[in-house]
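What follows is a single structure, written as structure tokens, with notes after it.
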Amino acid sequence: YISVRENSETNKAMIEIKDTGVGISQENIDRLFEPYFTTKPDGLGLGLAITHRIIEAHSGEIKVYSEEGQGATFSISLPLVDILHEVI
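91 is the number that my numbering gives the last residue of the sequence shown; the numbers go up by one with no jumps.
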């Protein structure tokens with residue numbers, strides 16, 4: 004499930020990505036964006052670390068909500084840019 008909406012009060016794009024998987028433990032959530040942290044045998048642990056840095060570089064924020072056995076939700080907020088204003 005993916006949802007994209009605009010929050011006109013904060014002038015941000017809100018992106019929400021949900022799954023119905025096994026969820027993520029709080030212990031793993033606390034380390035999720037650390038480079039080289041992985042729970043997968045063949046994982047490098049770089050994907051979410053890079054994602055986190057890109058979002059922050061654009062003045063955005065990413066949060067994770069999860070309950071084991073209930074799936075996970077990643078919420079991303081990014082500032083909206085007035086392209087016309089930026090060009091002028």
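Where a beta carbon is used, it is the ideal one built from N, C-alpha and C, also for glycine.
Quick caveat: nothing in here was measured; it's all calculated off a predicted structure.
For residue i, the first and last residue of its enclosing beta strand (DSSP E)
i   : result
I53 : No beta strand (DSSP E) contains I53, which is instead part of the alpha helix (DSSP H) from G50 to A60.
L35 : L35 -> no beta strand (DSSP E), and no H or E assigned at all.
E9  : I5 to N10
Start and end residues, alpha helix (DSSP H) containing residue i
i  : result
E1 : The chain is shown only over 4 to 91; residue 1 falls outside these bounds and no answer can be derived.
Residues of its chain near residue i, where Cβ-Cβ distance is below 8 Å and the 5 sequence neighbours each way are ignored
i   : result
P38 : G48, L49 and A52
Straight-line Cα distance separating residue j from residue i
i   : j   : result
T23 : A60 : 29 Å
H55 : F77 : 11 Å
F40 : R34 : 7 Å
Inter-residue CB distance, residue i and residue j (contact presumed, cutoff 8 Å)
i   : j   : result
I57 : L81 : Going by Cβ atoms, the distance from I57 to L81 rounds to 10 Å, so no, they are not a contact pair.
I32 : I20 : About 15 Å; that fails the 8 Å criterion.
Own chain, CB closer than 6 Å to residue i, minus 5 neighbours either side, in chain order
i   : result
N14 : L83
I27 : S69 and A75
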